[in-house]
Structure formats: C-alpha cells, structure tokens
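Visitor: Got a structure for you, written out below as structure tokens; questions coming shortly.
Chains as they are written, first to last, in the working numbering: chain A, 8 to 753; chain B, 579 to 812.
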C-alpha cells in the first residue's frame, strides 16, 4: 500500500488536494455565514433582545399591566436623541432604563449596569474608542433643552445597535454617532417613559392585534423590522445566498472530478489486480486494499479542509464586517452539515472505488491480467469525407482519441467548464458591482457635496446657502408603500429637475421626470407588479398621512428604490415639501447652524465601496479557489491521460516522431478541451452571476455586466493553466523510456 | 555487397547502484546491404540491447556504430529521432500500432516523418491486406496486425528493418507467414532485415547468423545457401 502511494504520489496528492480544496471552500464560506448567524443569535439571547418596541407618550404602570396580559416580559425606557458635548456635536441616543432586563447593555469594560446609580452612564464602546474616553471620565449631553453630566462607569455593546448608521453615509462614523445607557434615576425630572420593550411568545400578528385592543400607543416595531436587526439580517441573507451558490458549485466539481479520478486510478491497476488474484489473494483482501486508495487521501484532505476552511476564510471577511457592524465577538460558525458533506465525499469515494474494484475482480484472473480490450471503433461520415484525409495527423489523432475516450474528454470539458463558470461568475459580479457604482456615482449624481439640513434650520440661512452655492433643495425620506397587497419601506426623492442629479432609464440614458408625474423605480414596479397608470398608497415614515398616487412614469436607479417627483407634484398630493438636503456643485466648508453635515460625493462612493466589500472579498476568494481547482482538475486529467497514452506516445517516439511534435499533439488535445469547456463555461458562469447578484440585494437594480477584459482574463487564467500543466508533462515525454514502454503489454 | 552497418568495439554498461552490468561487451560485426540477418541467443544475452543500440533507442557506453558512414554513437537526441525516422523500420513483438488510426492511416502516418511519397494502399496490398485498409487495429487478428506493422515499417523505405521477436505473440503457422514476408523483403526487394529471436530453427534461413551470449559475440556464421523459411521444419 505504501509503495503504491509512493509510486502514484502525484495522483494521491491531486486527490488529496481536490478533497481538501472542495471541503475547504465549502466549509469556509458556509462557516462565515453560520458564524454571523450563531454569534449574533448568541448575542441577542445573552442580552435578551426585545421582541417588540412600543412607542408612546407616557406609559404608566396601568399600561404595563395591560401589556403584560399578552407578553411574557416587559420593561419601560425613555429613549431620546441627545447631542454630546464634543467637537462636531455627535448624536448620542440615550436610554434611561427602568430595570435593565430586556435589550441589556453588554458591558465589556468597567462595572456592570447598576439600576440604582443616578450619576453613572454606560457608553457605546465604538464611540468611546473613537473619542479616546476612559472609565471615570465625565460626559455631558444636551437634549430637549436639558443638560446632564454623568460619570462613565463602563463601555460595551447593545443588541439594538449591531448596526448604526449616519444619516449621510452607509458606513457608520463612530466618531459622531453613539448610544448610552443610564438608570431611570439618572433622569433629571419626572421620567415619562416613551418606549415599552416587550418579549412575547405569541405570533407577531396576534401580538399586534392584542396590542391594538389594549393600550394607546403611537407605533410598534417588531424584532424583524428593528433597524439594526433588519440590516444585519439582510447582510446575513446576502452572505447566505452567495454562500449557498459558490460552495455548492465547488463541492459539485469536487465530487465529479474526484469520483471519476478514483474510477480511473483503479482501472489502471487492473493488471495488478489480476496478478494479485492469480497468485492467490482473495477478493476481499484486494478490494480492501484498493478501498484504502479511495479512503485515505479523501479522508485526510477532508479533515484538513474541515479544520482550515472555517479557520481561514471567515477571517478574510470579518475585518471589513467589523467596520460596519458591532458584535462582542466574531467567531466562525460550525454546522453539522460540514461533517455530513465531508463524510459523503469520503463515503462516495469509497463506494465508487469499491464498485470499480469489484467489477474488475469479478472477472477471472486470466482476463484481468490483460488490459481491457479496447472498444471497437468505426469510422463515421466525417472520417470518410474527403476533408478528413486533408486533416493533419495531429487533428485526426486527437479526434479519434477523444472519440475512443469519450468519458475522459467529457470529464476534461466539464471540469474546465465548472472552473470557468466560477471564474466568470466571480468576475461578472465584480463587473456588475462596478457598473452599478459608476451608474450611481458618475451617471446619476453629479453634485460635489450633499449638505444635510439641521432640524432647527433657519429658512433664511438655507436660502442664502442654496443661492451662494448654486445648490438645489431636495427631500429624501423613507416612505412606506402599499400596492397589490404588498408592503415595503423604500425612499422618496423630491427634487426639481437639476443638472446635479440625472434620472436614468434602464439603459442608463438620462430621462426627465415630467412635472405632475410620480415616477416609480423599475425594480420596485417589478416587485409590486405595477405598470404605468396603476395606483399606489404610501406615506412618509413618521407621518400618518396616507396618500394615493397614480404612477405616471418609470425610472431606473441602481441603489435606492422608490418614488421620484417634483416638489409641485408632491404638494399636489397634499404633502409639504420639507427639504432634507441641499446638493451643490461647489465645495462647502463653512460652519453654520442650519447645516448638520456636508458629505462630498466621493465620500459617499467610498462608503458604498466599503459596504460592498464583503461581495468583493467573495469575488477574490472564489477566483483564487477556482483557479487552484482548475489547476488540479487539469493536472489530474493530464496525468491520467498521459498514463493512458504512454504506450502510444512511446510508439510514436520510436517510429521517429520528434518530442516537440508529440508535445504539440498532447497540447492540441488539452487546448481543444479547454476551449470547449471555456466556451460552455461562459454562459453558465453568467447565469450563476445573475443568481448571485439577485441574492446580493433586494434594493439593487443592476444590469448583468461582464467586460471583455474579464472574459479575456478568465481565458488567460484557464489557458495558461492548461499550457502550464502541459509543460509539466513535456519533460516526461522527453524522458519517456521507449524501451520500457514498449516491452510489455501493459 | 556493401557493408552498411558496422559495430566496432561496442560496450554498453548499465549501472544500478554500485553494481555495473555489462550488457554489451566489446561487440564487433558488420552487416551488408540486403542481408537477412538473424541474431540468436538465450534470454538476457543482450539481443534486445543490441537491437536498441542499432535502432537508436539507446546509446553506447563506448565504441562505434557506423550506419551508412554515419556515426550513430555521436548523435544527439534529435539526430537519433530523425535517424530512427529515416533509417529504421521497427517491427515489435506486440505490433504497437496506433489504436486510434485505421490500418491505412497507420501507414500513411509515416508521411509526417519522412520525405517519401507513400502509397498506403499499394503497400498494404504488398502484405495482402488491401481489403482491411479501413479497419482499426482492434478489428484485426494478431497476424494481420503484424503485417500492417511490417507494411508501416517498409513504407518509408528504411535502411533496415529491425524485428524484435516478430512472431513471439503469434501461432507458428501465422509466424511462418510473417517470416516469409520478411525474407521476401530481403531477397526480392533488397531490404536489410535484422531479426532478433531465441528460436534457433530460423538460423537455417538466414544469410548471416550472429549468436550472442553474456553480451559477447559467440559466433558469426554466413550461410552460403540459406533455406526458404517455408521449407524449414517448425
């Protein structure tokens, strides 16, 4: 056995590597996703994240008693946005808690939350780190005209703030954003709780119904809709979708190549099996011996993959995830399916080896000792045609070789096809994401900066700024929209036609939104199954005023889906135009009270890039693993073909064919298979790419894009691998011992 | 008769570790054009080594091999390849036809390595296999395959035909047919034919018999009146 391994070591290494890479990629990518899910679940459980948030004006104990009739646990909080007394006036959300039993603050540093402490505060660790705060520092907040100063008792995390976002960018800016937890005793006045956190075991619908029948309240949010929970869940869905497609592809290619390779390795051992039988070994011993062939390398490779995959791949994603999300720990996850998949790989390898081996050992030894009779071939019409006689020997030989070894040819093509599909899918995602980015930040938005208008802005100052910067007022708000029994939260953009923002159609051509018409984004229209002329109902989030609009137009927007209309159109609907931003083509660096923040376009583009970095990381991981897999598949096919053709090649060499000619002969075959696999792999990869882009985001509208450059790059990768593998065999042609190769029947 | 092949003090040693095996020990002989030569000897005597050296499949340790005035022992790998292509027609015990190619294509294959106009069909006709031109090797019997292999070897009009146990895998009746064909090539077409075998009976049919033992020439006998292969007692 050991000697066999030594003799066939390259093949065993190839098998080992295939099992390893397949399992490595599969478990690695999956464990990244499971890790997110498992760590966030653990965090939510440990901190007892609320199932629902009821907001109202002043919840008293009677309200609590009512609510307790259909909930398992409840607690009141007073939640208020405050401004921290720091440079840049950071927004700090304060939570004055009644007991600290639901959505608990998770302390990482300092003392635990003490509900009787009226002078302490527990601060968001990310904010504290960004501002270099230490435990014991005093910190001052301003809200509703009140100013309070408290002593920092500790830092930590909150399950309600796994994701925090700044109004102007996708990526949170921890320098200007944070939260703090305090005891209700720390509140300067008589506290009037505005939030009721509840845990319940009934269904969401029942909960809402029971709630409607019990107390007066303003609004209710359930866990799935909570901002941070929803955002993180969406991120996980994105990872899961990508994590569902790539690993499955990897594992399929692995199964395919591994099993066929095992079959062929055992078939190569045919004569030896015959000899072993002839000298008296029984079938059982022989079969057992060869089963080890299929068992050991696959087992070892799978185990190594199981260990290293979850260790390495998640760590490539987590650092970028950490810039957007806050969890106390980032650990790779584990799922029993990893073991099952690895086990299945080992078992099927053993089963295939067993079946092949049993078929051979069932024959009588006399037959087995000879090579299997070659299949009879006949000439077909191509070979009888005149053209055939004009083909070079090279082409004729390769044609016949492929015809006689259909299985080998098929395997080579499928192997290459799978790897090319992975490469194309990865590159295509890259291209599509880039296309989406340039669409949003080059084609649509042309402004230099976007100024956020402060809540207490003075109209006069705003008009002055708008004039001074040649800016244009826009209003961007989240809206809730209902049509055809579907509900969704999207955004509205209210703006006059301006040079600073160009609306586009599906082909990225600029269009105008006509005065008096409400335009819906194509992606949203598809989701709601709407066409021009249909009616929708919607309201601005935070307002109870529902309006009905008729869709007058459609536009295409890659990143944010929703409605666009002019201020006049909005007012025709009976709503007020309340600008949220000024966009301008000029730089604006002055400080004034009416402007909360200024975000240059490039910064928005940057934060978009950061947000999509997980997708990009996936692209890199897949490219590298697909490349490696392609190499192993090609190398392995190369070895097997070479072993099978060794005698013929030796004969040709003896007859006087030059090594360079033989090299070309094998190269031609390799290149033809690679070319066919490549061509078939492109549409397949394109299809995978659309699957994954669809998975990447509900709110993204994209045009599947694949640049010629990347097709060329995939071609270069695949073909150079193919040629490289071929070169590795060239040496073996020139070193081929002609005498040995011709001697025996084998 | 012209001498076309000459072995001068040829030595061939194989090293395996510290052990040196002398496969050819100071071998000298000549072969004339058109001769029908039989090389005889027991297993392991060095017959195949001699054939491999002459066929350009292996290189000497010392000594000279002169073929048509060229020193084969000085050839590079590429020169050996084109030497094999132009001068040597091999006939193997196991035929070694290319299984992907039909009988005819196996012969026409030679067009790709030598600059000789080959009429594949007429060559096949000369070994009596014109009707099997479009069949693949696996569809032919052993004797037929060996005849295709002879046709392939002679098609390129080589200086010599080197036959390594050409009847080893055939029954005796078919074997005689093959040997007869080879003798014809020598007698009627002037081809130099060198056959390596351990079957001593064939000696009576040879123009020259070279017996070797332990890597040395035991004897070289020239038959003045060689018998026809078909007249031998098998």
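A virtual CB, placed ideally from N, CA and C, is assigned to each residue, including glycine.
1) Work out the CA separation of residue 632(B) and residue 664(A) for me, nearest whole Å.
2) Based on Cα-Cα distance, which residue from 448(A), 694(A), 265(A) lies nearest to residue 353(A)?
3) Quick one: any contact between the segment 310-321 of chain A and the segment 131-150 of chain A, if contact means 3 or more CB pairs under 8 Å?
4) Are residue 195(A) and residue 153(A) close, meaning C-beta to C-beta below 8 Å?
5) Sorted by chain position, which residues of the same chain lie with C-beta nearer than 6 Å to residue 645(A)'s C-beta, five sequence neighbours on each side aside?
6) Specify, as a first and last residue, the run of the alpha helix (DSSP H) that residue 195(A) falls within.
7) Is residue 170(A) near residue 331(A), with beta carbons less than 8 Å apart?
8) Is the beta carbon of residue 102(A) sitting closer than 8 Å to the one on residue 80(A)?
9) Measure the alpha-carbon distance for residue 781(B) versus residue 712(B) and round it to whole angstroms.
10) Where does residue 199(A) sit, in a helix, a strand or coil, going by DSSP?
11) Curious, which full-length beta strand (DSSP E) runs of at least 3 residues does the segment 636-718 of chain B contain?
12) Applying a beta-carbon distance threshold of less than 9 Å, which residues of chain B neighbour residue 281(A)?
13) Within a Cβ cutoff of 8 Å, which residues of the same chain sit near residue 526(A), ignoring the five residues on either side of it in sequence?
14) Mind checking which residues open and close the alpha helix (DSSP H) that includes residue 764(B)?
15) Would you call the segment 198-209 of chain A and the segment 57-65 of chain A touching, i.e. three or more CB-CB distances under 8 Å?
16) Excluding five sequence neighbours on each side, which residues of the same chain lie with their C-beta closer than 8 Å to the C-beta of residue 604(B)?
17) Tell me, please, whether the CB atom of residue 634(A) is closer than 8 Å to any CB atom in chain B?
18) Based on the DSSP output, what are the partners of residue 756(A) in its beta bridges?
19) Output needed for residue 723(B): all residues of its chain with C-beta closer than 7 Å, excluding positions within five of it in sequence on either side, in chain order.
20) Would residue 634(B) pass as a contact of residue 601(B) if the rule is Cβ separation under 8 Å?
21) Less than 8 Å between the beta carbons of residue 680(A) and residue 433(A), yes or no?
22) When you compare only the Cα positions, how much space is there between residue 729(A) and residue 648(A)?
23) What are the uninterrupted segments assigned as alpha helix (DSSP H) that are 4 or more residues long and contained completely in the segment 58-122 of chain A, given in chain order?
24) Going by CA-CA distance only, name the one from 774(B), 756(B), 706(B) that's closest to residue 789(B).
25) Can you give me the Cβ contacts of residue 691(B) inside the same chain, cut-off strictly under 7 Å, excluding the 5 residues immediately before and after it?
26) Measuring only the C-alpha atoms, how far is residue 614(B) from residue 801(B)?
27) Using only CA atoms, which one of 612(B), 594(B), 591(B), 742(B) lies nearest to residue 857(B)?
28) Going by Cα to Cα distance, which pick from 241(A), 367(A), 93(A) is closest to residue 290(A)?
29) Who are the Cβ neighbours of residue 605(A) in its own chain at under 6 Å, not counting the five residues just before and after it?
30) For residue 604(A), name the three-state secondary structure that DSSP assigns.
31) Since residue 578(A) is in the alpha helix (DSSP H), which residue starts that stretch and which ends it?
32) Which runs of the alpha helix (DSSP H) fall wholly inside the segment 590-636 of chain B and span at least 4 residues, in chain order?
33) Starting from the beta carbon of residue 750(B), find every residue of chain A whose beta carbon is closer than 9 Å, and list them in chain order.
34) Could you pull out every unbroken alpha helix (DSSP H) segment of at least 4 residues lying fully inside the segment 388-463 of chain A, listed in chain order?
35) To the nearest whole angstrom, what separates the beta carbons of residue 481(A) and residue 498(A), a pair I think is in contact under 8 Å?
36) Once you ignore the five residues that flank residue 129(A) on each side, which residues in its own chain have a CB closer than 8 Å to its CB?
Guide: Judging by the given coordinates:
1) Translated into positions along the first chain, residue 664(A) becomes position 657. Translated into positions along the second chain, residue 632(B) becomes position 54. Cα to Cα, the separation comes out at about 17 Å.
2) One-based indexing of the first chain puts residue 353(A) at position 346. If we check each option's Cα against that of residue 353(A), 265(A) comes out closest.
3) Using a C-beta cut-off of 8 Å, the segment 310-321 of chain A makes no contact with the segment 131-150 of chain A, since fewer than three inter-stretch Cβ pairs fall below that distance.
4) Along the first chain, read from residue 1 onward, the residue named residue 195(A) stands at position 188. Along the first chain, read from residue 1 onward, the residue named residue 153(A) stands at position 146. Yes; because the gap between Cβ atoms is below 8 Å, this pair is in contact.
5) Walking along the first chain from the start, residue 645(A) turns up at place 638. Correct list, in chain order: 732, 736.
6) In the first chain, the residue the question calls residue 195(A) occupies position 188. Looking at the DSSP string, residue 195(A) is not in any alpha helix (DSSP H), and its letter there is neither H nor E.
7) On the first chain, residue 170(A) is found 163 positions in, with the first residue counted as 1. On the first chain, residue 331(A) is found 324 positions in, with the first residue counted as 1. Contact flag set, yes.
8) Numbered from 1 along the first chain, position 95 holds the residue referred to as residue 102(A). Numbered from 1 along the first chain, position 73 holds the residue referred to as residue 80(A). Pairing residue 102(A) with residue 80(A) gives a Cβ-Cβ distance that is not under 8 Å.
9) Here residue 781(B) corresponds to residue number 203 of the second chain, with the count starting at 1. Here residue 712(B) corresponds to residue number 134 of the second chain, with the count starting at 1. Taking the straight line from one Cα to the other gives about 36 Å.
10) In the first chain, counting from the first residue as 1, residue 199(A) sits at position 192. Residue 199(A): coil per DSSP, three-state reduction.
11) 640-645, 666-669
12) Position 274 of the first chain, counted from the first residue, corresponds to residue 281(A). The contacting residues do not exist; residue 281(A) stays about 17 Å from chain B at best.
13) As a first step, residue 526(A) is located in the first chain; it is residue number 519 there, counting from the start. Only 510, 520, 558, 559, 560, 561, 562, 570, 571, 572 meet the Cβ criterion.
14) As a first step, residue 764(B) must be located in the second chain, where it is residue number 186. Element bounds for residue 764(B): 750-767.
15) The answer is yes - the segment 57-65 of chain A touches the segment 198-209 of chain A, with three or more Cβ pairs under 8 Å.
16) Reading the second chain from its first residue, position 26 is the one you call residue 604(B). Excluding sequence neighbours, residue 604(B) sits near 587, 588, 589, 641, 794.
17) Indexing the first chain from 1 puts residue 634(A) at position 627. Closer than 8 Å: no.
18) Because chain A spans 8 through 753 in this model, residue 756(A) falls outside it and cannot be assessed.
19) Taking the second chain and counting its residues from 1, the one referred to as residue 723(B) is at position 145. The residues 673, 675, 715, in chain order, have a CB closer than 7 Å to that of residue 723(B) in the same chain once the five nearest residues on each side in sequence are set aside.
20) Position 56 of the second chain, counted from the start, is the residue given in the question as residue 634(B). Position 23 of the second chain, counted from the start, is the residue given in the question as residue 601(B). Cβ distance not < 8 Å, so residue 634(B) and residue 601(B) don't count as in contact.
21) Within the first chain, numbered from 1, the residue matching residue 680(A) stands at position 673. Within the first chain, numbered from 1, the residue matching residue 433(A) stands at position 426. The Cβ-Cβ distance between residue 680(A) and residue 433(A) does not fall below 8 Å.
22) Within the first chain, numbered from 1, the residue matching residue 729(A) stands at position 722. Within the first chain, numbered from 1, the residue matching residue 648(A) stands at position 641. Distance between the alpha carbons of residue 729(A) and residue 648(A) is about 13 Å.
23) Entirely contained in the segment 58-122 of chain A, the alpha helix (DSSP H) runs reaching 4 residues are, in chain order, 68-75.
24) Sequence index remark: in the second chain, residue 789(B) carries index 211 (1-based). When only C-alpha atoms are compared, the closest one is 774(B).
25) The residue you call residue 691(B) lines up with position 113 of the second chain. Excluding residues within five positions, the ones whose Cβ falls inside 7 Å are 663.
26) Position 36 of the second chain, counting from 1, holds the residue named residue 614(B). Position 223 of the second chain, counting from 1, holds the residue named residue 801(B). Rounded to the nearest angstrom, the two C-alpha atoms are 10 Å apart.
27) As displayed, chain B neither begins before 579 nor continues past 812, which places residue 857(B) out of reach and without an answer.
28) As a first step, residue 290(A) must be located in the first chain, where it is residue number 283. Answer by Cα proximity: 367(A).
29) Position 598 of the first chain, counted from the first residue, corresponds to residue 605(A). Closer than 6 Å at the Cβ level, and outside the excluded window around residue 605(A), lie 456, 458, 595.
30) For the purposes of this step, residue 604(A) is identified with residue 597 of the first chain, where counting begins at 1. Residue 604(A): strand per DSSP, three-state reduction.
31) For the purposes of this step, residue 578(A) is identified with residue 571 of the first chain, where counting begins at 1. Note, residue 578(A): alpha helix (DSSP H), 574-579.
32) 625-633
33) On the second chain, position 172 is the one that residue 750(B) refers to. Simply none; closest approach about 20 Å.
34) For the segment 388-463 of chain A, whole alpha helix (DSSP H) runs of length 4 or above, ordered along the chain, are 388-391, 393-397, 400-411, 413-445.
35) Indexing the first chain from 1 puts residue 481(A) at position 474. Indexing the first chain from 1 puts residue 498(A) at position 491. That belief does not hold up - the Cβ atoms of residue 481(A) and residue 498(A) are roughly 11 Å apart, past 8 Å.
36) Start at 1 with the first residue of the first chain, and residue 129(A) comes out as number 122. Answer for residue 129(A): 112, 114, 117, 120, 159, 160, 161, 162, 163, 187, 188, 189, listed in chain order.
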